[in-house]
Amino acid sequence: MNFLTYVRYFISFFNYFCMAFTILLSVIYIVQLIISFVKVRKNDKTRQSNDYGRYVSSENLLPISLLVPAYNEEENIVSNIKSLMKIDYPQFEIVVVNDGSTDSTHDRILETFGLYRIESAVKTSIPTKEVRGVYYNIEYPNLIYIDKENGGKSDALNAGINVSSYPLFACLDADSRIEPDALLKLSIEFLKNTDTIVAGGLVRIANGFKIRDGRIRGFSMPSKMIERFQIVEYYRSFLSGRVSWGATNSMLIVSGAFGVFKKQAVIEVGGYKTNTVGEDMEIVVRLHKYMRANRRKYKIIFCEDAVCWTQGPMSVADIRSQRRRWQIGLLDTLISHASMFLNPRYGIIGLLAIPYNWIFELLGAVVEVLGYFIIPFSLVLGELNMFFFIMYFILAVLLGIILSIGSLILEQYTRKSTMSAKQCLSLSLYAMLENFGYRQMITLFRVEGLLKYRKLRKTWGTIKRKEVEQ
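Using this note's numbering, read the sequence shown as starting at 3 and increasing by one per residue.
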């Protein structure tokens, strides 16, 4: 057989492989969406019968430390701290960690809150870069500020864990805005089941929403299409994906923007890994691995009713940097814990969750990009039936539309009156349009992250922020 014959065989195989791959992924996504609908409906009925307010004065409610790593966050850091001070929780502390910022983050915090340096004996449970000083002001008794050498977000979180006083901690991004009762809803999960070691909250894109004191004051559609696409994308990712994984205690990531952890469990596994950009996924996978290896009961849950708002990238350059970093973090975590792949010792994590992330979240992007080139090429060579091509294209597009609109319906179900009917219909249109350009662009960025893994695996990159309205 000559070379062209081998090429034709490969193209024919790849076309059928793509169809089988897409059908399998479609089935998985539809099952996830169904599980999410059932879970959200069940949780909604439970919430209607619970009075969360009675837990505020409960002596059993665990105190919590809010860890806020900050690097060059002069635009938002002061307003974020003020917002956190207003959360609805009986006993908490805010631990802000300045990770060697080169802008005026340090000066703005000291000046705004009148902080002064104190002599503090820090218990070094987890090694970190040098802490240059710990600051305090008696007028703000629940605010602690740490100034340290730059070591990255993970190192800043580890420093915050060392200084923190309470058994639970929440990791928050410096631009995050959490709803007043969000921490209460997550911490209650630790009371419901003492085996809970991590509780993740729902992250929503703040772009377009008017938020004051963590509460929605109105919504107007963002001016940029890239922001509108992200709103739809986040609904699909969190309300369909993470709800279903959380329901089976097999969620592998709790967003670095908002999650609550049992501090002792994190200390036991050595804290956050500092040589990765995917620390939020890596720490969760390591906790799964440690708990299952030691045959300890544990729960890692997702609570869609606990909401945090964060700014999404507002330019193609910024979203490219973000998505490359996410894919690099995914690959780094999967490589670090490769021994869990199809390992029955780790139960559903090793047999289902880890393989799913390898095959669909990681390699799926490569398959999709190859399809962009091979399928049209096979049409030119006459190796692909036009009917087959059209059916494949319709299936792929319909899958994206069904998932996105299904997630919007879930959003409306869980957040009644957040958006008007007109705005919801408008976002439904973008749920369709994202399949014609935006989705392909994101997939290319993900593959770029894989190709540049060695070069960028320790590089966070930067995303421009604008000051959030308070």
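Backbone N, C-alpha and C fix where the C-beta goes; we use that ideal spot for every residue, glycine too. For clarity, every value in this text was computed on a predicted model and none was experimentally measured.
Expressed to the nearest angstrom, what Euclidean distance is found between the alpha-carbon atoms of residue 319 and residue 231? In a straight line, the C-alpha of residue 319 is about 15 Å away from that of residue 231.
Residue environment, residue 237, which counts as buried when at least 16 other CB atoms sit within 10 Å = Classification for residue 237: buried.
_Ignoring anything shorter than 4 residues, give me the alpha helix (DSSP H) runs that lie fully in the segment 109-167, in order along the chain._
155-165, all fully within the segment 109-167.
| field | Endpoints, the beta strand (DSSP E) within which residue 67 is located | value | Where residue 67 is concerned, the enclosing beta strand (DSSP E) stretches over 66-72.
- Consult DSSP for residue 376 and reduce its assignment to one of helix, strand or coil. Here residue 376 carries a helix assignment [DSSP, helix/strand/coil].
- The alpha helix (DSSP H) spanning residue 285 covers which residue range? Per DSSP, residue 285 belongs to the alpha helix (DSSP H) from 281-295.
Just to confirm, is the Cβ distance from residue 301 to residue 339 under 8 Å?
When the beta-carbon positions are compared, residue 301 and residue 339 stay at least 8 Å from each other.
What would DSSP say about residue 104, mapped onto helix, strand or coil? Looking at residue 104 - three-state DSSP - the assignment turns out to be coil, as it is neither helix nor strand.
Mind checking whether residue 256 and residue 286 have CB atoms under 8 Å apart? Result yes, Cβ atoms of residue 256 and residue 286 sit closer than 8 Å.
Apply the 10 Å Cβ neighbour rule to residue 93 and answer buried if 16 or more other Cβ atoms are within range, or exposed otherwise.
So residue 93 counts as exposed.
**Prompt:** Taking the C-alpha atoms as reference points, what is the distance between residue 178 and residue 312?
**Reply:** When rounded, the distance between both Cα atoms is 5 Å.
Subject >> Range covered by the beta strand (DSSP E) that runs through residue 75 >> reply: Judged by DSSP secondary structure, residue 75 falls outside any beta strand (DSSP E); it is assigned neither H nor E.
**Report entry** Per-residue DSSP class, three states only, for residue 261
**Finding:** In this structure, residue 261 counts as strand in the three-state DSSP scheme.
Handout entry: residue 90 (DSSP reduced to helix, strand or coil)
Key = Coil, per DSSP.
> Measuring CB to CB, does residue 259 end up less than 8 Å from residue 205?
Replying inline: Contact annotation: residue 259 and residue 205 have beta-carbon atoms nearer than 8 Å.
Can residue 234 and residue 410 be called in contact, C-beta distance under 8 Å?
Yes; because the gap between Cβ atoms is below 8 Å, this pair is in contact.
Report task. Taking residue 204 as part of the beta strand (DSSP E), name the residues at either end of that continuous run. Result -> Element bounds for residue 204: 198-207.
**Message:** Can you tell me whether residue 324 is buried or exposed? The criterion is at least 16 other CB atoms within 10 Å of its CB, across all chains shown.
**Reply:** Around the Cβ of residue 324, a 10 Å sphere holds 16 or more other Cβ atoms; the residue is buried.
> Smallest Cα separation from residue 136: which of 369, 87, 327, 166?
Replying inline: The residue among 369, 87, 327, 166 with its C-alpha nearest the C-alpha of residue 136 is 166.
- State buried or exposed for residue 171, treating a residue as buried only when at least 16 other CB atoms are found within 10 Å of its CB. Burial of residue 171 is indicated by the presence of at least 16 other C-beta atoms within 10 angstroms of its C-beta.
task = Please report the Cβ distance between residue 80 and residue 110, rounded to the nearest whole angstrom; I am assuming they are in contact, meaning their Cβ atoms lie under 8 Å.
result = At roughly 6 Å, the Cβ-Cβ gap stays under 8 Å, so residue 80 and residue 110 are in contact.
- Query: So is residue 380 buried or exposed if we call it buried at 16+ other beta carbons inside 10 Å?
  - Reply: Residue 380 should be labelled buried.
Practice problem: Output the distance between the C-alpha atoms of residue 63 and residue 192, rounded to the nearest integer angstrom. | Solution: Looking at the two C-alpha atoms, the distance is approximately 9 Å.
At what residues does the alpha helix (DSSP H) containing residue 229 begin and finish? Start and end: 227-237.
Subject >> Minimum Cβ-Cβ distance from residue 99 to chain C less than 8 Å >> reply: The structure shown contains no chain C; it holds only a single protein chain.
Open item on the list: So if DSSP puts residue 312 in a beta bridge, which residue, or which two residues, is it bridged to?
Closed with: DSSP, once it has assigned bridges, lists 207 as partnering residue 312.
- Query: For residue 460, which beta-bridge partners are listed by DSSP?
  - Reply: DSSP output for residue 460 lists no bridge partner at all.
*On a CA-only basis, which of 424, 341, 253, 212 is nearest residue 295? Give me that one, please.*
Closest in C-alpha terms to residue 295, from the list 424, 341, 253, 212, comes 341.
Worksheet item: Between the beta-carbon of residue 125 and the beta-carbon of residue 150, is there less than 8 Å?
Response: Residue 125 places its beta carbon 8 Å or farther from that of residue 150.
For residue 436, which of helix, strand or coil comes out of DSSP? Three-state result, residue 436: coil.
Q | Buried or exposed (CB count within 10 angstroms, at least 16 for buried), residue 82 | A | Buried, because 16 or more other Cβ atoms sit within 10 Å of the Cβ of residue 82.
Next item on the list: Kindly give me the distance between the Cβ atoms of residue 28 and residue 168, rounded to whole angstroms, as I take these residues to be in contact under 8 Å.
Entry: About 44 Å separates the beta carbon of residue 28 from that of residue 168, a gap too long to meet the 8 Å contact definition.
Exercise for the section: Decide if residue 471 is buried, meaning its Cβ has at least 16 other Cβ atoms within 10 Å, or exposed. Expected result: Any reading at residue 471 must be qualified, since the residue scores a pLDDT of 48, below 50, and its modelled position is unreliable; no value is offered.
Pair within 8 Å by beta-carbon distance, residue 159 and residue 71:
Result yes, Cβ atoms of residue 159 and residue 71 sit closer than 8 Å.
Per DSSP, what are the beta-bridge partners of residue 98 in this structure? BP columns for residue 98 point to 70, 147.
Discussion item. As a quick exercise: from 343, 328, 432, pick the residue whose alpha carbon is nearest that of residue 458.
Written reply: Comparing Cα-Cα distances from residue 458 to each of 343, 328, 432, the minimum goes to 328.
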